[in-house]
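**Student:** Residue numbers (our numbering), protein chains in the order written: chain A, 212 to 686; chain B, 952 to 1205. Please find one structure pasted underneath; my questions will follow.
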């Protein structure tokens, strides 16, 4: 796979798309306001965040134990548990199962994990159609597009764009653009698929170690269709999705919907435990996916990343995401959580520019329902990026490293800083325009002057003023 | 100590001007000195001071930041009360110094940082929370809008402290800024590394500022203000920026 564009470059491209930016700003504003309302009305919101954080931490601290407990309980209930070390392994397991059932088509519940492993591509390469049944995922699939948000993957599209897409792809003579028109079209299209598919593939919001259950929350009922109609159900979940006990759901069924969609509870909450003869799928598989997670867990600074319950609240409040939408991240996981998760999943081979795709404003940490200190992890990962750059000759002698080393030397003493200020006043002269401002800066500093002027260093620094003043006051 | 002599002495306040205020915004430092002296306190400025290490730390030059942090800690080891007219530098000290010290494994460094933290105050926080003053005797007859910097809002949790100070300034008309909790897009080296996104963010923020009809935009961080003024000036708008200290130091029309 070719190396994706880094964030600054990809952002420059997407920022040209004024329609996308309006759509993203509008959609995130709507969700954010809804979230703020249902969070503000909750009397114990901060306690719920603390509890959610503690439960996720507990699960991660003894992940091996809870996963084995989940495997035992799920198996006991009639499910089959598979372990997949990476994306290829997970896809192979799915393909084997599909081959065993001679499946030509699968229906899917929206799942970031299957995006992560590229499941649709993998099954389509074997002539099997994967049908996304979540409305937004269907929009993405029909438009040959990429999801741009964890929870609302098509938020970069507006209704008119969706109407055109549906009419074209569903071969409809006419279609209105009200939400009712669009959902009715999707319903008619999907209903046939639900009834004909023999295998459903889902992700999981939570795995319950105690009971071996898979938990899926959703808003549209498509998930319930997938979980109940096809005779075979395959759930694919990252190993970090496990929570210890059934009663832990108490916390997350409050915090997840409020954080994700601004709803007090999800319209559909499905808790799936094993198989029951004559009711629902008669074969139930759970694939537990590592794909780099166990490595992330071994980094004590960054392992909190895995507490994430994929609510997307950080994306909705992120001022960077608000400008760029999700596509600029060139990653399945966009926004603040993507900026810390993606580079870790890929060991900085991909997404090394993402830890810098943040002004460290802290809005993400403030809304996170499991209290992931995203800014802290961003800085930690920046540290790794810098170390890695410094291990190469080009990085060591690159402008950033040289500039930072020089600045560190300047900040070693007050005398050096004073000297640097004097030199700065001399050095800035060629750049000060007739207006008295700096309007063009060279090299990497040109980024500043593309939209901002800079007042030059004044003739006297504070320390110089102070020295003169004290000599006057105390002779 | 009998209660009636408690709090009688003026404070000796050590000013950490911050590196960028020293070089770029000396007028802010002068204003801090004027306000605190007007309130009867004396100011100490140790010229050995340099930087808090924030730029290096936040850009990922963690190893390089540590000597700068140690330099700060040793420069201010004997200071009673440290005043910093920059919330992001205070946030750097409070949020990251303990970790830097912990990772060094040096018990002396850890103890020094622990002893330092309770003595560090952001300028407006020092006035309102520590000195218990809201009216500092300022007059500034202008329409002013207040920009809440991210660190003041989410790290220091200053809340309405700067607003309370502004409300007591004679002649000042406060204009509410829409989207107060939105970042202006500065973010230190972010403004350069992600110049396009940063420019888009500041464009939104300057639009909000212009919508208020204010003549002056203020904040407790000159870093945001440098960013905002840079964009406002480029857009040829007449709006000025001024650090909160400069408004509080003002005693008439300017």
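For every residue, glycine included, the Cβ atom is placed at its ideal position computed from N, Cα and C.
1. Compute the Euclidean distance between the alpha carbons of residue 1024 (chain B) and residue 223 (chain A), then round it to the nearest angstrom.
2. With H, G and I counted as helix, E and B as strand and the rest as coil, what does DSSP make of residue 629 (chain A)?
3. Any idea if residue 272 (chain A) is buried or exposed, counting beta-carbon neighbours within 10 angstroms, 16 or more meaning buried?
4. Determine the chain A residues that contact residue 1101 (chain B) at a beta-carbon separation under 8 Å, and present them in chain order.
5. Just checking: is the beta-carbon of residue 664 (chain A) within a distance shorter than 7 Å of some beta-carbon in chain B?
6. Helix, strand or coil, according to DSSP, for residue 416 (chain A) in the structure here?
7. Buried or exposed: residue 515 (chain A), going by 16 or more other Cβ atoms within 10 Å of its Cβ?
8. Determine the closest residue to residue 409 (chain A) out of A:219, A:340, A:551, A:605, with distance taken between C-alpha atoms.
9. Rounded to the nearest angstrom, what separates residue 475 (chain A) and residue 582 (chain A) at their Cα positions?
10. In chain order, which continuous runs of the alpha helix (DSSP H) of length 4 or greater are located wholly inside the stretch 271-309 of chain A?
11. Span of the beta strand (DSSP E) holding residue 538 (chain A)?
12. Select from the stretch 543-560 of chain A all residues with a C-beta closer than 7 Å to any C-beta belonging to chain B, and list them in chain order.
13. Could you check the C-alpha separation between residue 331 (chain A) and residue 325 (chain A) for me, to the nearest Å?
14. Straight-line CA distance for residue 1195 (chain B) to residue 1049 (chain B)?
15. Taking all protein chains shown into account, do 16 or more other C-beta atoms lie within 10 angstroms of the C-beta of residue 213 (chain A), making it buried, or fewer, making it exposed?
16. In chain order, what residues of the same chain lie with their CB nearer than 6 Å to the CB of residue 984 (chain B), ignoring the 5 residues before and after it?
17. Looking at the structure shown, is residue 607 (chain A) part of a helix, part of a strand, or coil, going by DSSP?
18. Below 8 Å, can you find three or more Cβ-Cβ pairs linking the stretch 563-577 of chain A to the stretch 248-262 of chain A?
19. Per DSSP, what kind of secondary structure is residue 994 (chain B) in: helix, strand or coil?
20. Residue 1033 (chain B) and residue 1070 (chain B) look like a contact to me (Cβ under 8 Å); what is the Cβ gap, rounded to whole Å?
21. With a 10 Å radius around its C-beta and 16 neighbouring C-beta atoms as the bar for buried, classify residue 574 (chain A) as buried or exposed.
22. Quick one: Cα of residue 1179 (chain B) to Cα of residue 1192 (chain B), how far?
23. Please check if any C-beta of chain A sits within less than 7 Å of the C-beta of residue 1181 (chain B).
24. Count the other CB atoms, across all protein chains shown, that sit within 10 Å of the CB of residue 966 (chain B); report buried if there are 16 or more and exposed otherwise.
25. By alpha-carbon positions, which one of B:1137, B:1072, B:1122 ends up nearest to residue 964 (chain B)?
26. Got a sec, what are the start and stop residues for the beta strand (DSSP E) residue 1097 (chain B) sits in?
27. Check whether the stretch 426-438 of chain A and the stretch 367-377 of chain A touch, using three or more Cβ-Cβ pairs below 8 Å as the test.
28. Return the bridge partner residues of residue 1194 (chain B) from the DSSP annotation.
29. Hey, is residue 1110 (chain B)'s beta-carbon within less than 7 Å of any beta-carbon in chain A?
30. Which complete beta strand (DSSP E) runs does the stretch 1042-1109 of chain B hold, if anything under 3 residues is left out?
31. Name the chain A residues whose beta carbon is nearer than 7 Å to that of residue 1150 (chain B)?
32. Measuring CA to CA, which of A:358, A:472, A:506, A:421 is closest to residue 279 (chain A)?
33. Between which two residues does the beta strand (DSSP E) carrying residue 986 (chain B) extend?
34. Please list the terminal residues of the continuous beta strand (DSSP E) segment that includes residue 497 (chain A).
35. By DSSP, does residue 1124 (chain B) sit in helix, in strand, or in coil?
36. Just to confirm, are residue 441 (chain A) and residue 411 (chain A) a CB contact at a threshold of 7 Å?
**Tutor:** On the basis of the coordinates in this document:
1. On the second chain, residue 1024 (chain B) is found 73 positions in, with the first residue counted as 1. On the first chain, residue 223 (chain A) is found 12 positions in, with the first residue counted as 1. Rounded to the nearest angstrom, the two C-alpha atoms are 41 Å apart.
2. Numbered from 1 along the first chain, position 418 holds the residue referred to as residue 629 (chain A). If DSSP states are grouped into helix, strand and coil, residue 629 (chain A) belongs with the helices.
3. Translated into positions along the first chain, residue 272 (chain A) becomes position 61. Exposed.
4. Residue mapping note: residue 1101 (chain B) aligns to position 150 of the second chain, counting from 1. Under the 8 Å cutoff, chain A gives 570, 571, 572, 573, 574.
5. By 1-based counting over the first chain, the position of residue 664 (chain A) is 453. With 7 Å as the cut-off, residue 664 (chain A) counts as an interface residue toward chain B.
6. Along the first chain, read from residue 1 onward, the residue named residue 416 (chain A) stands at position 205. Residue state, collapsed to three classes: coil.
7. Indexing the first chain from 1 puts residue 515 (chain A) at position 304. When all chains shown are included, residue 515 (chain A) counts as buried.
8. Indexing the first chain from 1 puts residue 409 (chain A) at position 198. Residue 409 (chain A) has its Cα closest to that of A:340, out of A:219, A:340, A:551, A:605.
9. For the purposes of this step, residue 475 (chain A) is taken as the residue at position 264 of the first chain. For the purposes of this step, residue 582 (chain A) is taken as the residue at position 371 of the first chain. If you take the alpha carbons of residue 475 (chain A) and residue 582 (chain A), they lie about 19 Å apart.
10. 274-287
11. The sequence position of residue 538 (chain A) within the first chain is 327, counting from 1. Counting along the chain, residue 538 (chain A) falls outside any beta strand (DSSP E), and DSSP gives it neither H nor E.
12. none
13. Reading the first chain from its first residue, position 120 is the one you call residue 331 (chain A). Reading the first chain from its first residue, position 114 is the one you call residue 325 (chain A). So the alpha carbons of these two residues sit roughly 8 Å apart.
14. Counting from 1 along the second chain, the entry for residue 1195 (chain B) is found at position 244. Counting from 1 along the second chain, the entry for residue 1049 (chain B) is found at position 98. Their backbone Cα atoms lie some 28 Å apart in a straight line.
15. Walking along the first chain from the start, residue 213 (chain A) turns up at place 2. For residue 213 (chain A), the predicted model reports a pLDDT of 44, less than 50, meaning its position is unreliable and no value from the coordinates is stated.
16. Here residue 984 (chain B) corresponds to residue number 33 of the second chain, with the count starting at 1. Excluding positions up to five away in sequence, the list reads 994.
17. Translated into the one-based positions of the first chain, residue 607 (chain A) becomes position 396. Note: residue 607 (chain A) maps to helix in three-state DSSP.
18. no
19. As a position in the second chain, residue 994 (chain B) is number 43, starting the count at 1. Reduced to three states, the DSSP call for residue 994 (chain B) is strand.
20. Residue 1033 (chain B) sits at position 82 when you count from the first residue of the second chain. Residue 1070 (chain B) sits at position 119 when you count from the first residue of the second chain. That belief holds up - the Cβ atoms of residue 1033 (chain B) and residue 1070 (chain B) are roughly 5 Å apart, short of 8 Å.
21. For this step, residue 574 (chain A) is matched to residue 363 along the first chain. Looking at its Cβ environment, which holds 16 or more other Cβ atoms inside 10 Å, residue 574 (chain A) is buried.
22. On the second chain, residue 1179 (chain B) is found 228 positions in, with the first residue counted as 1. On the second chain, residue 1192 (chain B) is found 241 positions in, with the first residue counted as 1. Near 8 Å, if we compare the C-alpha coordinates of residue 1192 (chain B) and residue 1179 (chain B).
23. Against the second chain, residue 1181 (chain B) aligns to sequence position 230. True, the Cβ-Cβ gap to chain A drops below 7 Å.
24. By 1-based counting over the second chain, the position of residue 966 (chain B) is 15. Residue 966 (chain B) comes out buried.
25. Here residue 964 (chain B) refers to the residue found at position 13 when the second chain is read from its first residue. Ranking B:1137, B:1072, B:1122 by Cα distance to residue 964 (chain B) puts B:1072 first.
26. For the purposes of this step, residue 1097 (chain B) is taken as the residue at position 146 of the second chain. Start and end: 1094-1097.
27. no
28. As a first step, residue 1194 (chain B) must be located in the second chain, where it is residue number 243. B:1170, per the DSSP bridge assignment.
29. As a working note, residue 1110 (chain B) is residue 159 in the second chain. It does not: the Cβ of residue 1110 (chain B) has no partner Cβ on chain A nearer than 7 Å.
30. 1071-1073, 1094-1097
31. Counting from one through the second chain, the residue named residue 1150 (chain B) turns up at place 199. Here the neighbours are 661, 662.
32. Reading the first chain from its first residue, position 68 is the one you call residue 279 (chain A). Checking every option, the nearest Cα to that of residue 279 (chain A) belongs to A:421.
33. As a working mapping, residue 986 (chain B) is identified with position 35 in the second chain. Where residue 986 (chain B) is concerned, there is no enclosing beta strand (DSSP E), although the alpha helix (DSSP H) it sits in stretches over 977-989.
34. As a first step, residue 497 (chain A) is located in the first chain; it is residue number 286 there, counting from the start. That run of the beta strand (DSSP E) goes 494-500.
35. Indexing the second chain from 1 puts residue 1124 (chain B) at position 173. Looking at residue 1124 (chain B) - three-state DSSP - the assignment turns out to be strand.
36. Here the question's residue 441 (chain A) lines up with position 230 in the first chain. Here the question's residue 411 (chain A) lines up with position 200 in the first chain. Yes, these two residues count as a Cβ contact at 7 Å.
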